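Working notes, structure below.
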Amino acid sequence: MTEQQIQSKRIKQLESEGYYVIKLTQTNKNGIPDLVALKPNDVLFVEVKAPKGKLSKLQEYRLKELKEYGFKTEVFRG
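Each residue of the sequence shown is one higher than the last, beginning at 2 in the numbering used here.
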């Protein structure tokens with residue numbers, strides 16, 4: 002399964018749970034997760050990786066930074 006297929010799978014799952022999902026393609030911060038899923042009072046940032054894919058140091062930093070701001074984060078591998 003490609004990363005794009007895994008991403009589509011996760012988007013469908015989140016939307017079935019009632020989230021409004023946005024795929025982030027260009028941001029002012031490098032390393033930000035691929036998806037942001039929104040519900041009232043609930044924000045989840047999702048980094049999608051292939052099963053053997055590795056997070057970069059910057060991606061690890063951004064996930065930690067978002068958690069420190071109080072957001073939920075996940076690394077989804079399908």
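Using N, Cα and C, we set each Cβ at its ideal position, and we do this for glycine too.
On a predicted model such as this, the values are computed, not experimentally measured, just so you know.
Secondary structure note for Glu48: its beta strand (DSSP E) is the uninterrupted segment Asp43 to Val49. Counting other Cβ atoms within 10 Å of its Cβ, Tyr20 reaches 16 or more and is therefore classed as buried.
DSSP places Glu4 within a helical segment (H, G or I) once states are collapsed to three.
In the structure shown, the three-state DSSP call for Glu75 is strand.
When Ile7, Lys53 and Lys24 are compared, the shortest CA-CA separation from Pro34 is found for Lys24. Looking from the CA of Ile7, the closest CA among Phe72, Thr74 and Lys53 belongs to Lys53. The C-beta separation of Glu69 from Gln60 comes to about 15 Å, leaving the pair out of contact by the 8 Å criterion.
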